[in-house]
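Numbering (UniProt numbering), first residue to last: 1 to 325.
Glycine included, C-beta positions come from ideal geometry on N, C-alpha and C.
Remember, predicted model here, so these are calculated numbers, not experimental data.
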Amino acid sequence: MSGSNNPYNASFGGQMSASASYGAAPVSSGGPSPIKDTTTANFARDVIEESRNQPVLVDFWAPWCGPCKQLTPVLEKVVNEGKGRVKLVKMNIDDHPAIPGQLGIQSIPAVIAFVNGRPADGFMGAIPESQVRQFVDRLGGPADGAGDQAAEIEAILEEAAGLLAGGDINGAAELFGAVLQADPENAKALAGMAECMIAAGQSQRAREALTDLPETLANDAGIQAVVKKLDQIEEARKLGDPVALEHELALNPDNHEQRVKLAKIRNVEGKRDEAAEHLLTIMRRDRAFDDDGARRQLLQFFEVWGPKDPATIAARRKLSSILFS
């Protein structure tokens, strides 16, 4: 996509310009590599217990996964250069499917960071080295003397996300547009601009903007999450009146089918904690309902919310408590 035909330019308000450079200077490594493979039997020791000493990244991968082959060497490089700030544990999901299944890993590569025995952060997909480095820095603190030439553009994206979360759609769109002026194929900025359109009540425009993207962008986890969000919005519009659903649940709290509908509606309303709690309630009452359908629906929410969303983190912890209790 070139700047001249970028459909996101000036979507909400005036245009801005921004510049950014990419790449990160390597940091010399020393000492043994803080990287190992794990199994289902050793997961508690290698991840849960070890994460009480320093953050542990779990790389869920499979031999047939092309993007995994791109991401794993980058993870290993950055972790090796991290001087023990974090550790990397790799789990082959073909050989050990139980743990990723319980944690809701539905696509790979997926990286979940454990801190103090609990999932704390994560991402999906093969992201650039600069973003992996920022992820490690956020968890373990920046390495001494480490430079990150992508820091400026990342700061713009973080500010834009904060503005959007705070309801400043125009301000967020201007910053996402600034990034797209510098890098028209920045997936995070493209997804952010589409989120601005959704927040402005322009769901159809958002869908059109994410149609016919190059394959590398269309397969980006962030952009796929926005597409799934649009699907959820369309579905929720057909599920009925939430007030009527609340009334039915007051009369019969075990009407799980209606509770799922209400969860889907609350999700698109932005009431993520409430949506998650409805599904967790079903799991506590009847795990067999719809062949564990409440858990599968909750995992779909996680895909859209993203691993770093507070609602995802809170609900994933509650989900782990139900699964591992």
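Exposed or buried, which one is residue i when buried takes at least 16 other CB atoms within 10 Å?
i, result
"residue 28", "Note that residue 28 has pLDDT 35, beneath the 50 cutoff, so the model's placement of it is unreliable and the number below is only indicative. With fewer than 16 other Cβ atoms within 10 Å, it is exposed."
"residue 204", "exposed"
"residue 34", "buried"
"residue 231", "exposed"
"residue 208", "exposed"
"residue 243", "exposed"
"residue 254", "exposed"
"residue 109", "buried"
"residue 162", "exposed"
"residue 186", "buried"
"residue 59", "buried"
"residue 41", "exposed"
"residue 105", "buried"
"residue 214", "exposed"
"residue 46", "buried"
"residue 75", "buried"
"residue 122", "buried"
"residue 250", "exposed"
"residue 140", "buried"
"residue 69", "exposed"
Counting contacts by CB-CB distance shorter than 8 Å, is residue i in contact with chain C?
i, result
"residue 157", "Of the chains in the structure shown, none is chain C; there is only one protein chain."
Pull up the distance between the alpha-carbon of residue i and that of residue j, whole angstroms please.
i, j, result
"residue 71", "residue 165", "29 Å"
"residue 277", "residue 234", "22 Å"
"residue 84", "residue 78", "11 Å"
"residue 221", "residue 313", "18 Å"
"residue 111", "residue 90", "9 Å"
"residue 98", "residue 295", "15 Å"
"residue 194", "residue 206", "5 Å"
"residue 73", "residue 223", "24 Å"
"residue 94", "residue 289", "27 Å"
"residue 31", "residue 87", "Its pLDDT being 46, under 50, residue 31 is placed unreliably by the model, and the measurement read from it follows with that caveat. Those two C-alpha atoms are separated by around 13 Å."
"residue 137", "residue 55", "11 Å"
"residue 299", "residue 181", "34 Å"
"residue 218", "residue 268", "22 Å"
"residue 229", "residue 114", "26 Å"
"residue 271", "residue 285", "22 Å"
"residue 308", "residue 287", "26 Å"
"residue 283", "residue 125", "28 Å"
"residue 184", "residue 196", "17 Å"
"residue 173", "residue 321", "38 Å"
"residue 159", "residue 302", "22 Å"
"residue 191", "residue 226", "7 Å"
"residue 167", "residue 201", "13 Å"
"residue 96", "residue 43", "10 Å"
"residue 188", "residue 211", "16 Å"
"residue 127", "residue 152", "17 Å"
"residue 216", "residue 57", "25 Å"
When DSSP labels each residue in this structure, what does residue i get in the three-state scheme?
i, result
"residue 61", "strand"
"residue 319", "helix"
"residue 307", "coil"
"residue 166", "coil"
"residue 154", "helix"
I'd like the list of long-range same chain contacts for residue i, defined as Cβ closer than 8 Å, with 5 residues on each side in sequence excluded.
i, result
"residue 92", "37, 61, 62 and 63"
"residue 324", "102"
"residue 116", "51 and 52"
"residue 248", "255 and 258"
"residue 264", "232, 235, 236, 239, 275 and 297"
"residue 48", "114 and 117"
Excluding the 5 residues preceding and the 5 following residue i in the sequence, name in chain order all residues of the same chain whose CB lies nearer than 6 Å to its CB.
i, result
"residue 280", "318"
"residue 387", "Residue numbering for the chain in the displayed model covers 1 to 325; residue 387 lies beyond these limits and cannot be assessed."
"residue 316", "119"
"residue 39", "96"
"residue 100", "60 and 93"
"residue 65", "108"
"residue 67", "109 and 126"
Going by beta carbon distance, what residues of the same chain come within less than 7 Å of residue i, once the five residues before and after it are set aside?
i, result
"residue 156", "18, 175, 178 and 179"
"residue 26", "Any reading at residue 26 needs caution, since the residue's pLDDT is 32, under 50, leaving its predicted position unreliable; the model's value is listed next. Taken in chain order, the residues that qualify are 81."
"residue 199", "164 and 169"
"residue 261", "239, 240 and 245"
"residue 311", "272, 273, 276 and 305"
"residue 107", "124"
Following a CB-centred definition, is residue i positioned closer than 7 Å to any heavy atom of the ligand SAM?
i, result
"residue 236", "Of the ligands one can find in the structure shown there are none, so the ligand SAM has no counterpart to examine."
Practice prompt. Mind listing, in chain order, the continuous alpha helix (DSSP H) runs of no fewer than 4 residues lying wholly within the stretch 221 to 295?
Written response: Fully contained in the stretch 221 to 295 are the following alpha helix (DSSP H) runs of length 4 or more, in chain order: 221 to 236, 242 to 251, 256 to 268 and 272 to 285.
Practice prompt. For the UniProt domain "Thioredoxin" (27 to 141), list the alpha helix (DSSP H) runs that are entirely contained and at least 4 residues long, ordered along the chain.
Written response: 66 to 80, 98 to 103 and 129 to 140
Discussion item. So within the stretch 168 to 231, which uninterrupted alpha helix (DSSP H) runs reach at least 4 residues, ignoring any that extend past its ends?
Written reply: 169 to 182, 187 to 199, 203 to 209 and 215 to 218
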